[in-house]
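In full-length UniProt numbering, the protein residues as written are 1 to 1273. From the three backbone atoms N, C-alpha and C, an ideal C-beta is built for every residue, glycine too. Step one of this worksheet: look at the structure below.
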C-alpha cells in the first residue's frame, strides 16, 4: 500500500498534494474568515473545526527591538491540534481521488424518483477522532443529495486527455489561419435578430400581427398613514418628533420604551393611528406579477392555454405578442392579497419592435429569450409526463424533436441571462459540471459585416425558416421587407478612382483647378487640435491608400464611408520618420464634392431573396421610415458553465461540525463559514448566494409540509414512489405532526413559496438540518444546496477547464444548437434569429514584435538577480510528521540549488521574522534610538524563499510584509518530496525570481524600434486598475517610462474606504507620478493610459493634471474590456463552400448547420468591425478588438479597446502596435493585456491580500530598489 501511494504521488503531484486532507468548500469559507480568501493551492487551506474560535493572539515580537506589525485586527485561531472535521482520502487502483458521498435521491426526466449510483467511500483514518467518526457515519445515512438531472460519470484523466488532444489539433492550424485570415475573415458569436412584417407572418402561418402589446399592471393596496399625535398646543407631540428624527433601530427601541413606560404618549399614538385615513398605493411589480401569473395559470389551464399569447414582465409593464383575452385583464378578488383594492391590466399601446426605445427593446429582448427557454423546458416536461395538450414540436422537415442533445435548457441566473444544458452534465472527481450559455441582446455596428452567398439556398431548403426574409432595410432596424416583386440585392461598393493622384502628386498645396479624386475607405477618429475639430479618414485611389484629415468639417462624419469624392485644393504632406507615409489635409475652406454615393448596408446573414411575384399594392406602398435604433440588435451567445460539489452543504456541515443541536458558538461558526457562499440548488440548478443561515429548520420544514396547499400532491408523489425512495425521516414526520396544530403561531417564512419543486422532496429531508436564506430571500434547506465553483480548489480548476474550455468546433456547435432552440420559441413573437453569426473582413494583422533591445543601455542601479538568498522552512504545529519532513527536504534541496548557507526550518512565522532580522539585517551600536531604527539591510539584492504548506494565510502574508518593509523580496512555495519535481520547481522558481527582480518592465525592449513614429520622444505608458472588497477598495497605478536609453517602472498602490471617489484618488496619484517623472527623468512627451475595465471617469481628472504640468504633452486614453464575451473564430471560405451540400443535408435531417472546421484566431489580429453600440445613457466612443494572445486551452476571447481620447500626434494604429508589443514582453507566452495594465492588475491583487493581513501597510513603506522592481508579478 505504501508503494502504491508513492506511485500515485508521483503521478498526480502536479495536480494536488495527495497526502494532505481534503479542502472542502466549508473549510475554504472558514479559511476566509481567519486567513482571508484562499487562492489556487488547495493544500494550503486546511482549517479545522475551530477555525473561528478565539485562540492565541498575534505572534510575539522577537527580541532585539525588531519592529512588528500584527497581521490584522482581531484574533487568530489556534495553530495546534487536529480539531474536528479533518479527514484523509484513499484511492482506487487508477489513482483517482474519490470523494465521500452517500446515496443520492433524485428525480429522473420522467418524474419518477431514482437513486443515483453512489460513489465509493473512503475511510476517515486517524485524523478524525473516534467519536466524531461515529457521529458522521451515523448521520451519513440521513444526508442525501437531490439531483434531478442525469450525468455521465467520467474519470478526470479521460477528460484532461481528450481536452489535450483537441487543443493540440487546434495548434496545428495556426499557419493556415495566419495565411488566410485576411481573405476569409473572422466569424463572431453575435447572431443577428430580425423582426417579421405582416407578409412574413402570413407566409409562415402565424396568426398574430407584427406588433407587441404593452399593458400596465395597475395593482393597488390600502395603507393607513401614520399621522403625528396632536399635542395640547396643536403641535406634534415631543415623543413623535423624537421618533421621526431617530434612525430606525433607535426608533424601534423608543417605541418599545413608550409601550412599557409612557402610557399617555403611547395611547396618543395609538389613537392617532386608529383615526388616521387610509391611502391607496401601488403594489410592487414583483408581487403584482406573481399574483397575475397565478391567476393566468389557473384560468387558462389545459386546453385553454392556447388562447393566451406569450408574455413577459418588465417593471410595471407586461409585453404580449398578441392582445390578451378580456377575462385576463381583471383579477378576481380571490387572488387578492391582504389589503389589496384593485388588480387589473390596462392596455397602454401597441408598437412595432423597431419603434421601441433602444434600452427598452434590449431589456424586452432579454426577457423574451429567457421566457422562451423556460416555456420550452416546461413544454418538454409536459410531453414527457404525457400531460401536454399540444402535439410534439416538429422540425422544419417534419421530424419529431427527440429527447437527446442540448434541447433542454434551464434558466439559472436571470440577471445575467445564463442558461444551462441539463442533459450535458458530467460528474468527475466529486464535482458536477454542466455546460451552459450566456445570452444577451446588444446593438452592433454591422456596416462592415459580410453577407453569406449560399444563405438563399440554405433558407429555401430550411422549411419554415426559409420563408422569412432576412434582409434588413437601409435604416438597419432589422424588419423584413414585404415586397415580393424584385430580388433583394445589395449595391456593390464603387471602385476607387482610376487616377493615381494620392501618391504621385507632389507634396504641398494642390491646384484648385485640378481636384483630387478619392474613395473613402474608413472613418478612423475625430479629435480637436488647438480648438479646431478634425476628422481622420482612410482614402484610396488607383495608387493605393493614404490617411486624410478634414479640418473644421461642417457636420460630424461629413464624408460617407464608401463614397467617391473630389476635393481641391488640398495639402499633401509626407513623414520621413514613418517611411514617407503621406497625409492628405482638407483645409477648412475646401468642401469635397460627392461623385458616387456609398452602397446600401449589407443584408443579414442567411438572407433569402424575396419571391419574384408582387402585387401592385405592394409596389405602391410607401417606404418605411428609417429606424431610430442606434444599430442592429443581435444576440450575443457565449458559453458559461456551472460547477458544483457533489456533496451538499448539509453533508459538509455534518462532516466538520457533527449533527445538531448546536450551541451558540457552533452556530456562529457555521454562519461565518457559509456566509456569502455561492451555491447551486440541486433540483433546479438555480444559482444563488447564501445571505443568512437559520437553525429553526425543523419548524420551517413542518410549516411547509403542513400549510402549503400543494401538500396533497407531495404526499401523492411520496406514496407512488415508496418502492424507490427511502422512507421519510421519522424526525421529519413527527415534527410535522407536532407542529401542524401550532402553525398559526409561526411567524417565520414559509418554505416552498418560490420553490414549488421542493415540495415533493419535503418528506425525505433531514429535519435537524439548518436552512439557508438566499439573497432573493428564498428559504432553502442545506441538503439541496451545493457549493458553486471555488477558485481555491485545484481539482476544480483542472476538471472545469477540461469540460468547459471548449475549442472552436465544439463551441460553435453548441451555439448553433442554442440558436436553433431559441429561434423556435421566438417565432411566436415575430422574431427570427439568423442561421449564422456576423462575419467580417474588416481586420488587420499586426506584424510580430521583433523585440529589439535598447542600444547602449544605461548602467543598472541594482542587480537583476538576488545576490543573497535565504531559504526558510515553516512547519507549524498543525503540520504532520510527513509534512514537516517534506518541508525540511525541500529547504535543503533549494539551498543546494541556489548555493546558499542561509537555510533554516522554523516552527512559526514569528521565528522566521526573527531569523531574517538576525541574518539579513545589519545592526549598529548607536544607543538611545527607537526600536528597529538601528538596523539596516546588509544587501539590497536579498531574497527569502519561504517553504510552507500554507502560502496564503494571513500569517504568511504578515511575514511577507515584514520582509518587504525591510527591502527584502519574499517568494512562498509549496514543499515537495519528489527529486524530479524539486528540480522542476527550482528551475521555475529561478525564472520567477528573475522576472520579479527585474528593474526594466519591458525587459530591455526598444519601443522606438517597434513603433518608429515615437522617434526620440519619451513615452509614459500607464496602467490603472482597482480591486474592490466588501469594506474597502485597492487602487493601483503603474507607469512604464520608455526613454531612448532605458525603461523605468513607476508603481504605487493605495487603500480607500469611500466608494465612488476612485476617480479623484487616481487623479491625485497620477499627479504624483508626473511630478516624479519631471523631477527624476526630466519630463515626458506622450502619455498613453490603458484603463483596466469599462470605466472612464478618471479621464477628466487625469487630463486636468496633465495640462497643468505638461501642456504640450499628448494624451491617449483607452479602456480595456477583457470580459466582453465576444469571441472570433476563423473558418475557411473554400471549405465552407465545398461542404455546403453536407451542411444542407444536416439541416434537413434536423441538425444545426455547423461549418466544416473552426480555428482560433492567431495573435496580433485587430478587428475594427462589429463593435457594440452604446445606448443613450452610455458614452459613445469608437472601439476595436485586439487579440494579442493565442489561446491554447479554449476559444480566445478578444479584448475590446474603447478609445476615449487620442493624442493629435499619435495615431490609433500606432497605439495598437504599441499595445501588441507590450503584450508580448513575456513571450513566447503572450498575455491578454499590455504590460502596464497587467502590472496594475497583478499589483491590485497582491496589495489586497497584503492589506488584508496588515491594514496599516502602505506603498511608501517599501524601500528602494524593491519598490522599483516587478515584485508583484
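Quick check: the Cα distance between residue 1039 and residue 590, rounded to an integer number of angstroms? 42 Å
Taking one C-beta from the stretch 1113-1128 and one from the stretch 1204-1214 each time, how about it: are there three or more such pairs within less than 8 Å? yes
Using C-beta distances below 7 Å, list every residue in its chain close to residue 1275, excluding the 5 sequence neighbours before and after it, in chain order. Residue numbering for the chain in the displayed model covers 1 to 1273; residue 1275 lies beyond these limits and cannot be assessed.
For residue 1163, which of 176, 1188, 1169, 1067 has the nearest alpha-carbon? 1188
Counted within 10 angstroms of its Cβ, other Cβ atoms place residue 189 as buried (16 or more) or exposed: buried
Please determine, among 854, 1260, 1050, the residue with the shortest C-alpha to C-alpha distance to residue 1044. 854
With a threshold of 8 Å, establish whether the CB of residue 1160 neighbours any heavy atom of the ligand SAH. As far as ligands go, the structure on display features none, and thus does not contain the ligand SAH.
Enumerated in chain order, which unbroken segments of the beta strand (DSSP E) with a length of 3 residues or greater are wholly contained in the stretch 883-951? 902-906, 921-923, 935-937, 942-948
What residues in its chain sit with their C-beta under 6 Å from that of residue 520, if we drop five residues either side in the sequence? 537, 539, 559, 561, 563
Please classify residue 796: does DSSP put it in a helix, a strand, or coil? helix
Opposite residue 1026 in the DSSP bridges: which residues? 1035
Measuring alpha carbon to alpha carbon, tell me which residue in 807, 572, 1216, 955 is nearest residue 167. 807
Three or more C-beta pairs below 8 Å linking the stretch 152-159 and the stretch 1092-1108: no
Alpha-carbon spacing of residue 1273 relative to residue 1226, whole angstroms: 11 Å
Straight-line Cα distance separating residue 415 from residue 281: 28 Å
What three-state label does DSSP hand residue 535 in the structure shown? strand
Buried or exposed: where does residue 960 fall if 16 or more other Cβ atoms within 10 Å of its Cβ makes it buried? buried
Once DSSP output is grouped into helix, strand and coil, what is the label at residue 104? Here the model assigns residue 104 a pLDDT of 42, short of 50, so the residue's position is not dependable and the matter cannot be decided.
Round the Cβ separation of residue 1041 and residue 1018 to the nearest angstrom and send it over; I've been treating them as touching at under 8 Å. 7 Å
Given a threshold of 16 other Cβ atoms within 10 Å of its Cβ, counted over all protein chains shown, does residue 1260 qualify as buried or as exposed? exposed
C-alpha gap between residue 1202 and residue 828, whole angstroms: 37 Å
Check whether the stretch 354-370 touches the stretch 323-331, counting contact only when three or more Cβ pairs, one atom from each stretch, lie closer than 8 Å. no
Counting only the same chain and skipping the five closest in sequence on each side, list residues whose C-beta sits under 6 Å from that of residue 630. 358, 443, 1173
At which residues does the beta strand (DSSP E) containing residue 772 begin and terminate? 771-774
Residue 1157 versus residue 178 - alpha carbon distance: 15 Å
In this structure, how does DSSP classify residue 852 when only helix, strand and coil are distinguished? coil
Please tell me whether residue 685 and residue 410 are closer than 9 Å, where the distance is taken between their beta carbons. yes
If you draw a straight line from the C-alpha of residue 341 to the C-alpha of residue 284, how long is it? 14 Å
What do you reckon, are the CB atoms on residue 145 and residue 690 nearer than 9 Å? no
Closest by CA to residue 857, which one among 1004, 220, 307? 1004
Could you give the residue range of the beta strand (DSSP E) that holds residue 574? 571-575
Just the Cα atoms here: how many angstroms apart are residue 172 and residue 845? 19 Å
List the DSSP bridge partners of residue 1116. 1088
Rounded to whole angstroms, what is the Cα-Cα separation between residue 370 and residue 842? 32 Å
Backbone CA spacing between residue 888 and residue 911 [nearest angstrom]: 16 Å
Near residue 585, which residues of its chain fall below 7 Å by C-beta distance, leaving aside the five closest residues on each side in sequence? 549, 551, 570, 571, 573
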